[in-house]
Amino acid sequence: MHTVILVLIEVLIVIGLSRLIGLAFKSIKQPLVIGEIVAGIMLGPSLFGLVAPHLAASLFPAETIPFLNVLSQVGLIFFMFLIGLELNPKYLSSQLEVAVLTSHVSILVPFSLGTLLALLLYPLVSHANVSFTAFALFLGAAMSITAFPVLARIITENNLQRTRLGTLALTCAAVDDVTAWCVLAVAIAVARTGNFFDAIPTIIQSVVYIGFILTFGRWFLQRLAIYYHRTGRLSQPLLAVIYMAVVASALITEFIGIHLIFGAFLLGAAMPKNADLVRELAVKTEDFVLIFLLPIFFAYSGLQTQIGLLNRPELWLLCGLVLLVAIAGKYIGTYVAARVSGISKREASALGWLMNTRGLTELIILNIGLELGVISPLVFTMLVIMALVTTFMTSPLLEWTYPKRLIKLDVIKPDLDAETNTEPNTIIESYAHPLYRILVPVANPSTQKGLVQLAVAIALNYRQPTVVNPLSLIELEEDYAFESTPVEADRLILQRRQQLEELINTLEPPIVRSSVHPIIRISSNVARETAQIAQIEQPDLILVGWHRPAFSNNRLGGRVGQILSIAPVDVAVFVDRGAERLENLLVPYSANIHDDLALILALRLLINRDTCMLQILQVLRGNHHQEELSYELHKMMEQLPDSVRDRIQIKTVESPEPIQAVVAASKSVDLTIAGTSRVWGIERQTLGRYTDALAIQCRSSLLITRRYSQVTSHLASVLPEVSNQESTVIS
739 MHTVILVLIE VLIVIGLSRL IGLAFKSIKQ PLVIGEIVAG IMLGPSLFGL
789 VAPHLAASLF PAETIPFLNV LSQVGLIFFM FLIGLELNPK YLSSQLEVAV
839 LTSHVSILVP FSLGTLLALL LYPLVSHANV SFTAFALFLG AAMSITAFPV
889 LARIITENNL QRTRLGTLAL TCAAVDDVTA WCVLAVAIAV ARTGNFFDAI
939 PTIIQSVVYI GFILTFGRWF LQRLAIYYHR TGRLSQPLLA VIYMAVVASA
989 LITEFIGIHL IFGAFLLGAA MPKNADLVRE LAVKTEDFVL IFLLPIFFAY
1039 SGLQTQIGLL NRPELWLLCG LVLLVAIAGK YIGTYVAARV SGISKREASA
1089 LGWLMNTRGL TELIILNIGL ELGVISPLVF TMLVIMALVT TFMTSPLLEW
1139 TYPKRLIKLD VIKPDLDAET NTEPNTIIES YAHPLYRILV PVANPSTQKG
1189 LVQLAVAIAL NYRQPTVVNP LSLIELEEDY AFESTPVEAD RLILQRRQQL
1239 EELINTLEPP IVRSSVHPII RISSNVARET AQIAQIEQPD LILVGWHRPA
1289 FSNNRLGGRV GQILSIAPVD VAVFVDRGAE RLENLLVPYS ANIHDDLALI
1339 LALRLLINRD TCMLQILQVL RGNHHQEELS YELHKMMEQL PDSVRDRIQI
1389 KTVESPEPIQ AVVAASKSVD LTIAGTSRVW GIERQTLGRY TDALAIQCRS
1439 SLLITRRYSQ VTSHLASVLP EVSNQESTVI S
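So, in structure tokens, the structure goes:
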């Protein structure tokens, strides 16, 4: 019982630490799995065993390691099943000839370099009882592998799945995956039999079993899919049959002489790619595997990773050489093959960095090699470092080579996003004024009609070319969740697009709908992605809905607070009280740049809507003198025609409590527009006591404005048109 309790305590520590470190890495735009691998290494002799050796020995004694190994092997079996399950033939339907050449060259070059490196490493760091052939095959396989799951998630998070680069990378990685696993199967057969010729029977049996799975196995799985389609749900008996088939297939490949993981992978790859069945099967399987079992595998690997073995400069030099060969072999092989196939330099370079992703797949290969005794703990440690570095560098190098501003130019499927980029150009040709654009982050299309309707009211005046972009970012919570696969991401994007189109079709008047173009993206960080899109699209205003964070009393914290803090454009936050009318507006004004923006937006609404009335409220405290309008707005007010100016009332009140004066005035209006002013007590950390209090107490809907630049013009380009129309009417 003592051992069982100790294993449960270890599992508790492993899951907690892997989640914590994984989220920390995710916050710096790295795959979650990298953080979880690092967490496993931290629990081993490389850190925990070094800092607190006695405590580490007590918490992770030798007698519990076999239990962790069993759990990690079960986790690997079902994880490999998931990898096979998501290996969709759709990935092989695009640019297949180019992909086959590129992927095979990207395997051949690093494999050849790895084999040459084996000539140097074998006499220095290998076991004497391991044949050179087995060692060279394993080293070559470790150098040439690409982690398809990690690469697919990187492509999804960077919204590359509908670009030429993304589809080519997915196809290359899929072909690479199949080829590399075949190479690894041969390497395992050679390692277990001693030489290549003795491994031939094992290789033949493996080929026969693959044929069996792809014929009779596929037929059997098709029957299961038909049964699922008929019942409409993945019942427990059906799930039990599938899980039994996974374990049975894993056992068969183990008995053949390759490894458990191949059988599980084969069965997943042979599963009918019925979208609903695959989705439900993945969702039911992945949570327990990814949250419970896989971190145990990382911990088990970490306990065998001993960075302390690299205790001499020459060993670190060898480690650096391993890293150099791995990176250069994969990058050069991919780049040259892609260029020969006619791919541009930038795309070929980005493809080279993507194919360098090794991640968890590399760790699986290394554990097999260590388990079979083909590689020593020293070589294992070197290759773990190589796997971490090559995966860690993928995202930043991809961003450097292929920045987000170029991604939208590379979309291969026409959609409404493309309309967003082309429609304004058509409008600009027929107008003398620059385009006015509002970006509207929409988290829930079914509840945020008021937000989009307000954006339309501010933007559209029929005198200036305008575009309203509802921005819907679909946030992926987990890197390895099935929802983050490119195929599933496309399904989620299509679903969200339909929801937004339904929302747009309800906007009034109907003529405004042609100027509303949604932008839909996958994102791992909504606030950061919104700021990046704002930098690319250069909108005049971001209009965001009010959101209260779950773990804060600050009404303007969370994502809204982050967008206010980092977006490089003017931002307005809308607190919707459900009022459908926009006839009476209130602007509390204290002559600062944020209040300037509030008044500018109010004037836009006033110009756009002939029945709209505006009250500018200036609150004086005690002996304070009345604040004058800013110079820019004073000049604008002078340009306003009488028909607009007559609908503006400037009111001054004295009150020791400015907030209460504004709240009282808000009772008789439809919308209050207020700047985030330091005069009212704004604090950088909380984004404002004043605005926070208004969000709670204001009786009308509330729009809180934060101005980014003093030179942004929301109104000046419209004023001449208004004045000219007024002159025409008078004459």
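Numbering (this note's numbering), first residue to last: 739 to 1469.
All C-beta atoms in this analysis are idealised placements derived from N, C-alpha and C, irrespective of residue type, glycine included.
Excluding sequence positions up to five before and after residue 1258, its CB lies within less than 6 Å of the CB of 1210, 1231, 1234, 1235, all in the same chain and listed in chain order. Note on geometry: alpha-carbon atoms of residue 1204 and residue 1283 lie some 20 Å from one another. Taking a contact to require three or more Cβ pairs closer than 8 Å, the segment 990-1008 and the segment 1192-1201 do not qualify as touching. Residue nearest to residue 1302 within the set 928, 1442, 1242, 752 is 1442 (criterion: CA-CA distance). Within the DSSP secondary-structure output, residue 914 pairs in no beta bridge. In the three-state DSSP reduction, residue 1180 falls in the coil class, being neither helix nor strand. Between residue 928 and the set 941, 1174, 1265, the nearest pair of CA atoms involves 941. With contacts defined by Cβ atoms closer than 7 Å, residue 1297 and residue 1269 do not form a contacting pair. Residue 1069 places its beta carbon 7 Å or farther from that of residue 1086.
In the DSSP assignment, residue 1270 falls within the unbroken alpha helix (DSSP H) covering 1264-1275. Counting along the chain, no alpha helix (DSSP H) covers residue 1210; the unbroken beta strand (DSSP E) around it starts and ends at 1204-1213.
Nearest to residue 1137 by alpha-carbon distance, out of 1088, 1125, 1123, is 1088. The segment 889-896 and the segment 862-878 do not touch, with fewer than 3 CB-CB distances between them shorter than 8 Å. Here residue 1387 carries a strand assignment [DSSP, helix/strand/coil].
Residue state for residue 1310 is assigned as strand, using DSSP reduced to three classes. Rounded to whole angstroms, residue 847 and residue 841 show a C-alpha spacing of 10 Å. Under DSSP, residue 1439 forms a beta bridge with 1409.
Membership of residue 1097 in the alpha helix (DSSP H) is indicated by the continuous run 1097-1110. Its chain contains 880, 1039, 1113, 1118, 1121, 1122, 1125 as the residues whose beta carbon lies nearer than 8 Å to that of residue 1104, once the 5 sequence neighbours on both sides are disregarded; these appear in chain order. Within the same chain, 1352 come within 6 Å of residue 1386 by CB-CB distance, once the 5 residues on both sides are set aside. Between residue 1041 and residue 782, the C-beta gap is smaller than 7 Å, which places the two residues in contact. Contact between residue 962 and residue 987 fails: their C-beta atoms lie close to 14 Å from each other, not under 8 Å. With a cut-off of 8 Å on Cβ pairs, the segment 793-812 is in contact with the segment 743-756, counting three or more such pairs. In this structure, residue 1306 and residue 1340 do not form a Cβ contact; the two beta carbons are roughly 24 Å apart against a cut-off of 8 Å. Below 8 Å, too few C-beta pairs join the segment 940-956 and the segment 773-793 to call them touching: fewer than three. A direct Cα-Cα distance of roughly 10 Å separates residue 1133 from residue 1139. With 16 or more other Cβ atoms inside 10 Å of its own Cβ, residue 764 counts as buried. The segment 1047-1062 and the segment 802-822 do not touch, with fewer than three beta-carbon pairs separated by less than 8 Å. When the Cα atoms are used, residue 1247 and residue 1241 turn out to be separated by approximately 13 Å. Ranked by Cα distance from residue 1109, the options 810, 887, 1178, 944 are led by 810. Secondary structure in the segment 754-839: the alpha helix (DSSP H) runs of 4 residues or longer, each lying completely within the stretch, are 770-780, 786-789, 791-797, 803-823 in chain order.
If you ignore the 5 residues before and after residue 1226, its C-beta comes within less than 8 Å of the C-beta of 1017, 1220, all in its own chain and listed in chain order.
Assigned with DSSP and collapsed to three states, residue 1254 falls in strand.
In the structure shown, the three-state DSSP call for residue 1246 is coil.
Contact between the segment 1394-1411 and the segment 1318-1328 is present: 3 or more CB-CB pairs across the two stretches fall below 8 Å.
Each of 1355, 935, 768, 838 was checked against the Cα of residue 888, and the nearest Cα belongs to 768.
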